[in-house]
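Undergrad: Have a look at this one.
2 protein chains.
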Amino acid sequence: MQRTLINTSLRQVQKRFNSTSVTASYFPEEPKNPIFQTETIPGPKSIALNKELGEVYDNHATYFVTDYFNSLGNYISDADGNKLLDVYCQISSIALGYNNPELIKAAKSDEMVNAIVNRPALACFPSTNYKQILEEGLLAAAPPGMDKIWTSLSGSDANETAYKAAFMYQHAKLRGDKAFTEEELATCMENKTPGASDMSILSFDKGFHGRLFGSLSTTRSKAIHKLDIPAFPWPRAPFPQLKYPLEDFETENRDEEQGCLYQLESIIENSPSQIAAIIVEPVQSEGGDNHATSFFFQGLRDITKKHGILFIVDEVQTGVGASGKMWAYEHWNLTTPPDMVTFSKKFQAAGFYFSNPDLQPKLPYRQFNTWCGDPSKAILAKAIYQEIVKSNLVERTAEVGDYLFEKLSSILSRFPDKVFNLRGKNYGTFIAWDCSSTDLRNKILAASREQGLNMGGCGDQSIRLRPTLLFEKEHADIFLGILESVLNKL
Amino acid sequence: MQRTLINTSLRQVQKRFNSTSVTASYFPEEPKNPIFQTETIPGPKSIALNKELGEVYDNHATYFVTDYFNSLGNYISDADGNKLLDVYCQISSIALGYNNPELIKAAKSDEMVNAIVNRPALACFPSTNYKQILEEGLLAAAPPGMDKIWTSLSGSDANETAYKAAFMYQHAKLRGDKAFTEEELATCMENKTPGASDMSILSFDKGFHGRLFGSLSTTRSKAIHKLDIPAFPWPRAPFPQLKYPLEDFETENRDEEQGCLYQLESIIENSPSQIAAIIVEPVQSEGGDNHATSFFFQGLRDITKKHGILFIVDEVQTGVGASGKMWAYEHWNLTTPPDMVTFSKKFQAAGFYFSNPDLQPKLPYRQFNTWCGDPSKAILAKAIYQEIVKSNLVERTAEVGDYLFEKLSSILSRFPDKVFNLRGKNYGTFIAWDCSSTDLRNKILAASREQGLNMGGCGDQSIRLRPTLLFEKEHADIFLGILESVLNKL
């Protein structure tokens with residue numbers, strides 16, 4: 044088994060956490076490196092369990108069946124007891140590692156148990172402690188100036204409720220103090236204008252914003268997500284296709300971004316119906332980890348302001364520290380903040396932030412549903428946020444990211460025909476690169492898994508890193524060792 | 044305080060639970076009747092807390108701020124310590140009462156704690172125990188013959204993923220073994236046909252199926268839900284408007300239902316594009332607790348079969364025992380089962396059941412999202428289901444419902460100008476009636492709350508009962524006493 048050899052060599056290069064390691068304080072028993080129990084990963088138990096699962100549940104996308112009881116810190120365990128260093132983390136979730144003891148405490152708290160067994164319909168019967176839970180967690184973590192929140196259940200749901208807020212806001216602005224007309228009241232029941240809106244949400248090529256019907260209409264990343272599903276006739280605009288490393292192509296990239304902004308403005312001016320909002324990810328994640336610079340995003344903010352369009356930043360994947368800032372859009376230094384910022388994944392809880400009170404409808408049952416969020420998730424988010432602050436994890440992630448980027452740059456540069464376009468410099472651990480083909484990308488992912496490293500792809504031929512906020516230099520070294528070994532062999 | 048008097052008279056008529064009470068075994072400390080701490084409900088603490096909440100969260104629809112720590116069994120506590128008999132139960136959720144000790148056990152279990160702190164991306168990294176959790180809970184509870192499940196996060200999400208399954212199924216059937224065409228791959232990215240579907244989901248007047256963009260396009264209950272939100276141009280059909288009591292108007296009701304079936308078939312035959320599925324609630328809940336008979340539903344099943352349309356039964360509100368059957372559609376004795384059955388509320392977990400394996404797409408990432416459900420909710424659903432079975436709660440609910448219906452019928456008949464159209468006979472506690480106006484309905488709800496009874500409205504002028512499955516004859520007596528007193532005074 045080759046992996047044993049690599050494993051041994053890894054063991055040689057690897058020193059155990061030093062005394063300043065936060066991760067060691069959370070996970071003194073975290074594996075020192077990947078642990079192998081079976082000849083291949085997934086192992087036979089995982090394969091058998093997945094087959095059984097397939098009898099009742101769609102299992103077409105399974106990587107491996109996971110033993111969450113035996114996963115720890117940055118290591119994910121498959122059903123066979125193989126322990127892989129995880130830099131994918133449930134598609135960019137798992138902020139504080141598997142089985143984090145502080146989250147276990149939160150999960151066992153009276154507050155959590157109460158929230159689980161008495162799930163409230165929050166908008167009708169809010170709990171006595173809901174504001175406090177929000178203020179000590181999700182709202183304390185809010186982007187600067189955003190002092191209001193709407194909670195929901197997933198990233199898709201967060202975006203869709205933000206879209207609904209945008210439509211209601213724009214129509215209220217047009218309507219002024221007037222009541223709904225009889226025609227509006229009647230036509231909306233038939234799904235027809237003017238009661239149903241003919242406004243739209245504009246999104247960008249390669250953007251991903253979810254897979255429910257409204258959010259999927261703004262998702263433009265991959266055909267497999269969209270085929271056969273009805274979609275609203277909403278516009279899309281080109282997203283800059285930049286050259287990496289960004290600092291070597293400043294002029295060309297500026298031209299590309301300027302061109303995209305011109306095209307955007309032309310699309311807005313020629314749109315057959317009003318655009319209520321524009322939504323954009325700070326880094327297009329599912330679409331391939333595509334970056335743009337502050338120039339582009341400031342341009343978006345300016346154009347949206349000029350045209351009375353709301354500006355929604357989708358931080359579902361970028362938010363909560365991985366970029367080296369709590370919110371990735373803080374990298375941009377916008378002159379005025381976005382209108383709404385959506386979140387989910389690393390916080391488990393989902394929803395959107397805003398500050399303009401007019402984004403909250405004036406009537407009851409407008410922004411409304413049975414649950415309107417979930418206090419048990421908000422309690423977990425609070426615990427996650429408090430650990431992030433206590434252990435200074437955003438700054439640590441920025442530092443580890445810089446270390447990882449530099450080392451990775453050096454390794455990838457030795458395989459320029461296979462891997463290139465490394466990106467995410469000064470962007471925490473939110474790092475990605477391209478492979479020369481989809482096939483090679485998939486081979487690298489599979490070979491890495493066999494060597495005890497769990498990575499995920501994005502776009503057509505990219506690999507994205509999405510480790511926990513407790514991923515330290517020691518983990519980076521293990522990661523780099525495995526990746527180098529894989530690249531050497533492929 | 045008038046309520047004191049009523050309270051005293053209640054105490055006289057009320058006997059404590061007898062020895063066969065299941066509720067007493069779960070909640071020996073449940074209040075014997077409503078408890079009042081303040082002059083009005085909501086009390087001053089609740090009002091102050093709600094005002095504070097409004098600074099950060101939309102609180103336009105708040106009934107009262109709720110103290111879930113001090114709620115117990117069938118009694119909900121407001122922030123001031125007033126304890127109300129709850130027959131609304133978080134809009135038809137809370138299957139086993141507040142702070143049910145068996146659910147607290149489940150919430151404290153290692154399985155639950157693990158699921159909370161390590162929330163998986165289920166479709167990529169399913170947990171070793173997920174199939175078992177499903178089989179011992181949600182799947183054990185499945186309607187007869189439904190042996191597959193897709194899990195999601197809310198009733199809206201359950202319906203939208205069912206719609207996606209329907210669209211993918213119908214297009215796969217048309218496409219046969221052929222691959223996606225270049226044109227489909229390209230056009231779907233522009234939200235245009237043929238890649239994006241022009242098929243539709245048909246729903247019924249007054250139906251409610253959720254408030255995300257796809258589900259809201261099928262919701263037809265109230266304008267306030269739909270105004271200013273874009274909607275797909277999907278068809279709607281008339282839902283029978285029956286006369287109550289059903290048994291007194293069999294001929295007229297049959298004619299009405301037959302007429303609706305004729306109109307439905309005409310809409311299908313004249314539809315400009317293919318209808319992928321029809322969705323219907325066994326009782327239109329949000330829309331006013333509108334019933335139809337087995338004749339109508341069997342007709343729907345026959346028409347959908349004939350036209351190759353999928354038949355989706357939305358049991359989000361009716362499911363899980365309240366109707367006196369586990370699934371309300373079991374009342375119909377269909378000759379062939381529905382294609383999909385959606386669920387949420389009383390199970391906390393959400394999703395849809397199906398049996399046809401072709402409703403599961405053949406490719407990965409078709410029916411997919413980050414979470415694909417939530418094991419912590421599935422674990423709670425398992426505990427809920429096991430208690431329902433252990434304590435025979437469906438049959439008990441059927442029995443209590445019959446008792447409640449008969450007594451209620453007798454009381455309402457004394458106020459025929461105010462309240463009428465009592466419905467839900469032989470339908471467990473899933474009971475409703477109309478009031479002579481919206482205003483009177485709202486006054487009855489408010490006056491009842493003041494007397495320690497928490498009820499909810501539906502439709503324009505109806506009141507719906509949605510108690511727990513642990514609502515017993517003793518609770519029914521208290522409920523009836525308060526309602527009668529309110530009706531006497533209004």
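First to last, the sequence lines map onto chains V and U.
Note that our numbering has the first sequence beginning at 44, numbered continuously upward.
Note that our numbering has the second sequence beginning at 44, numbered continuously upward.
Here a beta-carbon is modelled for each residue, glycine too, at the ideal position from N, C-alpha and C.
To the nearest whole angstrom, what separates the beta carbons of residue 117(U) and residue 511(U), a pair I think is in contact under 8 Å?
TA: Looking up residue 117(U) in the second sequence gives position 74. Looking up residue 511(U) in the second sequence gives position 468. About 6 Å; that satisfies the 8 Å criterion.
Undergrad: On the three-state DSSP scale, how would you describe residue 531(V)?
TA: If you number the first sequence from 1, residue 531(V) lands on position 488. The answer is helix: DSSP assigns residue 531(V) an H, G or I state.
Undergrad: For residue 395(V), collect the residues of the same chain with a Cβ closer than 6 Å to its Cβ; drop the 5 residues on either side in sequence, then sort them by chain order.
TA: Residue mapping note: residue 395(V) aligns to position 352 of the first sequence, counting from 1. So the list reads 193, 201, 205, 383 and 385, once near-sequence residues are dropped.
Undergrad: Could you tell me whether any Cβ in chain C is nearer than 8 Å to the Cβ of residue 227(V)?
TA: Looking at the structure shown, chain C is missing, and the protein chains on hand are V and U.
Undergrad: Can you list the beta strand (DSSP E) stretches of 3 or more residues lying completely in the segment 207–277 of chain V, in chain order?
TA: Runs of the beta strand (DSSP E) inside the segment 207–277 of chain V: 243–247.
Undergrad: Does the beta-carbon of residue 337(U) have 16 or more other beta-carbons within 10 angstroms, so that it is buried, or is it exposed?
TA: For the purposes of this step, residue 337(U) is identified with residue 294 of the second sequence, where counting begins at 1. With fewer than 16 Cβ atoms within 10 Å of its Cβ, residue 337(U) is classed as exposed.
Undergrad: Does any residue of chain U have a CB that is nearer than 8 Å to the CB of residue 161(V)?
TA: Counting from one through the first sequence, the residue named residue 161(V) turns up at place 118. Answer yes: the Cβ-Cβ gap between residue 161(V) and chain U drops below 8 Å somewhere.
Undergrad: Taking CB distances under 8 Å as the criterion, tell me whether residue 540(V) reaches chain U.
TA: The structure shown does not extend to residue 540(V), since chain V is modelled only from 44 to 533, so the question has no answer here.
Undergrad: CA-CA distance, residue 285(U) and residue 165(U)?
TA: Looking up residue 285(U) in the second sequence gives position 242. Looking up residue 165(U) in the second sequence gives position 122. Rounded to whole angstroms, residue 285(U) to residue 165(U) spans 44 Å at the Cα level.
Undergrad: Assuming residue 441(V) and residue 421(V) are in contact, meaning their beta carbons sit under 8 Å apart, how far apart are those beta carbons, in whole angstroms?
TA: On the first sequence, position 398 is the one that residue 441(V) refers to. On the first sequence, position 378 is the one that residue 421(V) refers to. Residue 441(V) to residue 421(V), Cβ: 26 Å. No contact.
Undergrad: Go to residue 366(V), then tell me how far its alpha helix (DSSP H) extends in each direction, as first and last residue.
TA: Numbered from its first residue, the first sequence carries residue 366(V) at position 323. Unbroken run through residue 366(V): none, as it is neither H nor E.
Undergrad: Where in the segment 301–357 of chain V do unbroken runs of the beta strand (DSSP E), each at least 3 residues long, occur, reported from the N-terminal end onward?
TA: Whole beta strand (DSSP E) segments, 3+ residues: 318–323 and 353–357.
Undergrad: In this structure, what does DSSP give as the bridge partners for residue 97(U)?
TA: Indexing the second sequence from 1 puts residue 97(U) at position 54. Residue 97(U) is not bridged to any residue.
Undergrad: State the start and end residues of the unbroken alpha helix (DSSP H) segment that holds residue 153(V).
TA: The sequence position of residue 153(V) within the first sequence is 110, counting from 1. Note, residue 153(V): alpha helix (DSSP H), 153–160.
Undergrad: Measure from the alpha carbon of residue 459(U) to the alpha carbon of each residue in 445(U), 84(U) and 477(U), then state which is nearest.
TA: For the purposes of this step, residue 459(U) is taken as residue 416 along the second sequence, with counting starting at 1. Of the listed residues, the one whose Cα sits closest to residue 459(U) is 477(U).
Undergrad: Alpha carbon to alpha carbon, how far is residue 72(V) from residue 513(V)? Give it in angstroms, no decimals.
TA: The residue given as residue 513(V) occupies position 470 in the first sequence. The residue given as residue 72(V) occupies position 29 in the first sequence. Roughly 14 Å between the two C-alpha positions.
Undergrad: Answer yes or no: does any C-beta atom of chain V fall closer than 8 Å to that of residue 363(U)?
TA: Taking the second sequence and counting its residues from 1, the one referred to as residue 363(U) is at position 320. Residue 363(U) does not count as touching chain V.
Undergrad: Residues in the same chain with beta-carbon distance under 6 Å from residue 366(U), minus the five sequence neighbours each way, listed in chain order, please.
TA: Here residue 366(U) is taken as the residue at index 323 of the second sequence, counted from 1. So the list reads 470, 471 and 473, once near-sequence residues are dropped.
Undergrad: Between the segment 167–187 of chain U and chain V, which residues of the former have CB atoms less than 8 Å from a CB of the latter, in chain order?
TA: If the cut-off is 8 Å between Cβ atoms, the segment 167–187 of chain U has 167, 168, 169, 170, 171, 173, 174, 177, 178 and 182 near chain V.
Undergrad: Got a sec: is the Cβ-Cβ distance from residue 437(V) to anything in chain U below 8 Å?
TA: Within the first sequence, residue 437(V) is the residue found at index 394, counting from 1. So no, residue 437(V) is outside the interface.
Undergrad: Could you round the C-beta distance between residue 122(U) and residue 96(U) to whole angstroms and report it? I think they count as a contact, below 8 Å.
TA: As a working mapping, residue 122(U) is identified with position 79 in the second sequence. As a working mapping, residue 96(U) is identified with position 53 in the second sequence. At roughly 11 Å, the Cβ-Cβ gap does not stay under 8 Å, so residue 122(U) and residue 96(U) are not in contact.
Undergrad: Rounded to whole angstroms, what's the CA-CA distance from residue 518(V) to residue 492(V)? Just pull it up for me.
TA: Here residue 518(V) corresponds to residue number 475 of the first sequence, with the count starting at 1. Here residue 492(V) corresponds to residue number 449 of the first sequence, with the count starting at 1. Residue 518(V) and residue 492(V): Cα-Cα distance of roughly 15 Å.
Undergrad: Going straight from the alpha carbon of residue 294(U) to that of residue 226(V), what length do you get?
TA: In the second sequence, counting from the first residue as 1, residue 294(U) sits at position 251. In the first sequence, counting from the first residue as 1, residue 226(V) sits at position 183. Each residue's Cα considered, the two are about 36 Å apart.
Undergrad: Specify whether the segment 315–328 of chain V and the segment 351–363 of chain V touch according to this definition: at least 3 beta carbon pairs, one from each stretch, less than 8 Å apart.
TA: Flag = yes, the segment 315–328 of chain V and the segment 351–363 of chain V touch.
Undergrad: Within 10 angstroms of its Cβ, does residue 532(V) collect 16 or more other Cβ (buried), or is it exposed?
TA: In the first sequence, the residue the question calls residue 532(V) occupies position 489. Burial call: exposed.
Undergrad: How big is the Cα-Cα spacing for residue 197(U) and residue 454(V)?
TA: Residue mapping note: residue 197(U) aligns to position 154 of the second sequence, counting from 1. Residue mapping note: residue 454(V) aligns to position 411 of the first sequence, counting from 1. Rounded to the nearest angstrom, the two C-alpha atoms are 45 Å apart.
Undergrad: On the three-state DSSP scale, how would you describe residue 111(V)?
TA: The residue given as residue 111(V) occupies position 68 in the first sequence. Here residue 111(V) sits in coil by DSSP.
Undergrad: For a contact meaning CB atoms closer than 7 Å, what does residue 403(U) contact in chain V?
TA: Taking the second sequence and counting its residues from 1, the one referred to as residue 403(U) is at position 360. What residue 403(U) touches in chain V: 101.
Undergrad: Please classify residue 219(V) as buried or exposed, where buried requires at least 16 other C-beta atoms within 10 Å of its C-beta.
TA: Counting from 1 along the first sequence, the entry for residue 219(V) is found at position 176. Exposed is the call here.
Undergrad: Kindly indicate the opening and closing residues of the beta strand (DSSP E) around residue 84(V).
TA: For the purposes of this step, residue 84(V) is taken as the residue at position 41 of the first sequence. It is not in any beta strand (DSSP E) - residue 84(V) carries neither H nor E in the DSSP assignment.
Undergrad: Could you run through the segment 141–154 of chain V and flag, in chain order, every residue whose CB is less than 7 Å away from some CB of chain U?
TA: Those residues of the segment 141–154 of chain V that come within reach of chain U (Cβ to Cβ, closer than 7 Å) are 141, 142, 143, 146, 147, 150 and 151.
Undergrad: Does residue 229(U) pass the burial test, meaning 16 or more other C-beta atoms within 10 Å, or should it be called exposed?
TA: Counting from 1 along the second sequence, the entry for residue 229(U) is found at position 186. Residue 229(U) is exposed by the Cβ-count criterion.
Undergrad: For the segment 97–107 of chain U against the segment 144–161 of chain U, do three or more pairs of beta-carbon atoms, one drawn from each stretch, fall closer than 8 Å, so that the two count as touching?
TA: Contact between the segment 97–107 of chain U and the segment 144–161 of chain U is absent, because fewer than three Cβ pairs lie under 8 Å.
Undergrad: Figure out for me which residue from 183(V), 465(V), 409(V) and 170(V) has the closest Cα to the Cα of residue 426(V).
TA: The residue you call residue 426(V) lines up with position 383 of the first sequence. Cα-wise, what sits closest to residue 426(V) is 183(V).
Undergrad: Residue 369(U) to residue 327(U), Cα distance in whole Å?
TA: As a first step, residue 369(U) is located in the second sequence; it is residue number 326 there, counting from the start. As a first step, residue 327(U) is located in the second sequence; it is residue number 284 there, counting from the start. Taking the straight line from one Cα to the other gives about 17 Å.
Undergrad: The alpha helix (DSSP H) with residue 478(V) in it runs from where to where?
TA: The count along the first sequence starts at 1 and reaches residue 478(V) at position 435. Element bounds for residue 478(V): not the alpha helix (DSSP H) but the beta strand (DSSP E), 475–478.
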